[in-house]
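Protein chains: 2
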Amino acid sequence: MAAQDGGAKMAAWARGVRGLLLDISGVLYDSGGGGGGAPIAGSAEAVRKIKASGLKLRFCTNETQATREKFVKKLQGLGFDISVAEVTAPAPAACRLLKERGLRPHLLVHDDLVPEFAEIDKTNPNCVVVGDAAENFSYANVNEAFRVLIGLEKPVLISLGRGRYYKETDGLKLDVGAYMKALEYACDVEAEVVGKPAKAFFESALAEMGVPPQQAIMIGDDIVNDVGGAQQCGMRAVQVRTGKYRYLTRELRETLVVAGMAERRQLGGFPGFPVSVFLLHGAWFAAGPPWCPGELPVPRDLQGPAAPLGGRPTSTSC
Amino acid sequence: MAAQDGGAKMAAWARGVRGLLLDISGVLYDSGGGGGGAPIAGSAEAVRKIKASGLKLRFCTNETQATREKFVKKLQGLGFDISVAEVTAPAPAACRLLKERGLRPHLLVHDDLVPEFAEIDKTNPNCVVVGDAAENFSYANVNEAFRVLIGLEKPVLISLGRGRYYKETDGLKLDVGAYMKALEYACDVEAEVVGKPAKAFFESALAEMGVPPQQAIMIGDDIVNDVGGAQQCGMRAVQVRTGKYRYLTRELRETLVVAGMAERRQLGGFPGFPVSVFLLHGAWFAAGPPWCPGELPVPRDLQGPAAPLGGRPTSTSC
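Protein chains in written order, with numbering that gives the first Met the number 0: chain A, 0 to 317; chain B, 0 to 317.
Spelled out as structure tokens, the structure:
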């Protein structure tokens, strides 16, 4: 297949789409640094274009280093057209869950996130909530959360996401998932994840947007939490090449090689999103730099001829 | 079965034993506190009795907060008859492995353990070694180890044990295993464990003592790393009721209940070791307070009649 007909292919792939879910960190901006982060070139313009196109848009983030108010204010300062009401984030979802189940959390979170839990009773904790605490993940703090958890008759661990790491302006950083795993292992419990890739979290974002999963596309930089989570929910998904994206992660490369599903096509043409697509687990997903021009090199083992996958249901079409 | 014939039973169980492996932390002493720890009542006397009995003895520890020299000096100060030559510990085992494979480690360990790696080339690291770093498990340090690991083409993570937690005088503390899991998850790798419960580690201790596994008993407070590891190696094992021991861990209780193997007998009578035994995974193991008089309450679900397990090979007999 020649690259030049990619536009038509991508248009077909995106047919029937009425809404977009946009990840923020690694897609719109890289967090960290003195100014709190740097916008990714072209991303503010892309948000404006999406809004002008008539597509519904919702920001779907696992950000837990600040309240939504503070986070949105920072993004506005970086030039983004975004409001608090447009953001789906884990902390409010966790608060709903805590209230429904009468849970009183011990918080292992970033200082700036604590105000999100202002209305939650935190006396005599009967669960632990872990978020991306960053520097607050000191040994003393992690150990304190561990002691609370292992002291409970029925340990309940709620994790605001399960991300492995993310990219800041000064490099990769361990995310909440690593510390969730540490506590899971130490206490022999399984965390309940609030945030991506939890199905309930995507469903909540879709409901707030008023669009069914079949008519929505998730755009993110995390193959597991953005792309995988959205696909599990019946959505199509685009993986961007910014943020933590590394051309082929070891995980993805192995999956493709093991499954013998190494197909790659240059498509481009999705409004403002020149992308490549991979066939993975019977479903198409796309990887591309939505607002970064130019192509990254294609690994040799993905340069072979197209080998369509048959016989398995796909959640998307190409 | 009446409790009074337990002595004879236990004597039969221990028949043919020529050597003992003794865990240290939680068995001989509880670590932590201003003085570096507190001996467990009767333990120094028990070590003397074992040595006087003619049994061979080796100390088999996952301690990685200090060099063996420093650790042994502290134990001598607490009244124990122990020398460096009698101790099997993970750091020297790791150094042998690093040399054999030409690995240059980035160390995420306690400051006091660093001298054990004095002769190891640490420039331009091509692996990460994680030990019980305690306060050194800051977010910055754990993140630095993560960056080294994920930056390697073939990430190699070596962990000095896989313990979940241990008990210090001021309470439970997260052990190396929790941070090993965090790094494993973040980098999608599996750690190579040096120390208990690795078979090679027990075999090394047995070789140094000159006793085959069938003639040795491991005594420790950790059901997985001491008891389980030793049983995997063909040894019998005693779980003491000191240290991190909690009457029935949730893990053990669930295993017993699931397997329908809830049998408990009061035995007592092993020289200085009044113990109870459980039938677990087709093998006997014993739980008892070797030097703590008195009995802990027996959970109701373990008070039923004996129900011997048949049909599966046992690594020990009773």
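Virtual Cβ for every residue (Gly too), placed ideally from N, Cα, C.
| Query | Result |
| --- | --- |
| Rounded to a whole number of angstroms, what is the C-alpha to C-alpha distance between LYS198(A) and ALA88(A)? | 13 Å |
| Take the Cβ of ALA213(A) as the centre, count every other Cβ of all protein chains shown within 10 Å, and call the residue buried at 16 or more, exposed below. | The sequence shown places Gln at residue 213(A), rather than the Ala named in the question. So GLN213(A) ends up on the exposed side. |
| What number of angstroms, rounded off, separates the C-alpha of VAL237(A) from the C-alpha of GLY227(A)? | 10 Å |
| Assuming ALA93(A) and LEU159(A) are in contact, meaning their beta carbons sit under 8 Å apart, how far apart are those beta carbons, in whole angstroms? | 6 Å |
| If we ignore side chains and look at the alpha-carbon of each, how far apart do ASN125(B) and GLU167(B) end up? | 34 Å |
| If VAL175(A) sits next to GLY162(A), beta carbons under 8 Å apart, how far is it from one beta carbon to the other, in whole angstroms? | 6 Å |
| Looking at the unbroken beta strand (DSSP E) that takes in GLN238(A), where does it start and where does it end? | 235-239 |
| Mind pulling the chain A residues with CB within less than 7 Å of ASN142(B)? | LYS172, LEU173 |
| Any beta carbon from chain B within less than 8 Å of ARG252(A)'s own beta carbon? | Note on ARG252(A): pLDDT 44, under 50, position unreliable in the model; the coordinate value appears next. Not one chain B Cβ lies under 8 Å of ARG252(A). |
| Which residues in the same chain as GLY15(A) place their Cβ atom closer than 8 Å to its Cβ, once the five residues preceding and following it in sequence are excluded? | GLN213, GLN214 |
| Between TYR178(B) and chain A, is there a C-beta pair that is closer than 8 Å? | yes |
| Exposed or buried, GLY130(A), counting other C-beta atoms within 10 Å across all chains shown (16 or more means buried)? | buried |
| For a contact defined as C-beta to C-beta under 7 Å, what are the partners of TYR184(A) on chain B? | ARG163, GLY176, ALA177, LYS180 |
| Chain A partners of GLU134(B), CB-CB under 9 Å? | SER137, TYR138, ALA139 |
| Do you know offhand how far TYR178(A)'s Cα is from ALA181(B)'s? | 6 Å |
| Give the range of the beta strand (DSSP E) segment to which ILE218(A) is assigned. | 215-219 |
| Could you pull out every residue in the same chain whose Cβ sits closer than 7 Å to the Cβ of SER24(A), ignoring the five residues on either side in sequence? | SER30, THR60, GLU62, TYR165, GLY242 |
| Establish whether the CB of ILE149(B) and some CB of chain A are separated by less than 8 Å. | yes |
| Would DSSP call ASP110(A) helix, strand or coil? | helix |
| Buried or exposed: which applies to ARG103(A), given that a residue is buried once 16 or more other Cβ atoms fall within 10 Å of its Cβ? | exposed |
| Which residues mark the beginning and the end of the alpha helix (DSSP H) in which SER42(B) is found? | 42-51 |
| Would you say ARG146(B) lies against chain A (beta-carbon separation less than 8 Å)? | yes |
| Ignoring anything shorter than 4 residues or poking outside the region 176-235 of chain A, list the alpha helix (DSSP H) runs there in chain order. | 198-208, 228-231 |
| Mind the definition here: the region 37-57 of chain A touches the region 80-87 of chain A only if three or more C-beta pairs lie below 8 Å; say whether that holds. | yes |
| For PRO154(A), does the count of other Cβ atoms within 10 angstroms reach 16, so buried, or fall short, so exposed? | buried |
| Tell me the rounded alpha-carbon separation between VAL223(B) and GLY219(A). | 40 Å |
| With 16 as the cutoff for other CB atoms within 10 Å, does ARG47(B) come out buried or exposed? | exposed |
| How close, in whole Å, do the beta carbons of THR66(B) and GLU115(B) come, if the pair is a contact with beta carbons under 8 Å? | 5 Å |
| Fully enclosed by the region 104-150 of chain B, which alpha helix (DSSP H) runs are 4 residues long or longer? | 138-149 |
| If the criterion is Cβ atoms closer than 8 Å, does the pair MET217(B) and ASP225(B) meet it? | yes |
| Please classify ALA51(B) as buried or exposed, where buried requires at least 16 other C-beta atoms within 10 Å of its C-beta. | exposed |
| With C-beta atoms as the reference, is GLU183(B) less than 8 Å away from ILE157(B)? | no |
| Please report the straight-line C-alpha distance between MET208(B) and LEU112(A), rounded to a whole angstrom. | 55 Å |
| Buried or exposed: which applies to ALA206(A), given that a residue is buried once 16 or more other Cβ atoms fall within 10 Å of its Cβ? | exposed |
| At a Cβ threshold of 8 Å, is LEU279(B) touching chain A? | Model confidence at LEU279(B) stands at a pLDDT of 34, short of 50, so the residue's coordinates are unreliable; what they give is reported in the following sentence. It does not: the Cβ of LEU279(B) has no partner Cβ on chain A nearer than 8 Å. |
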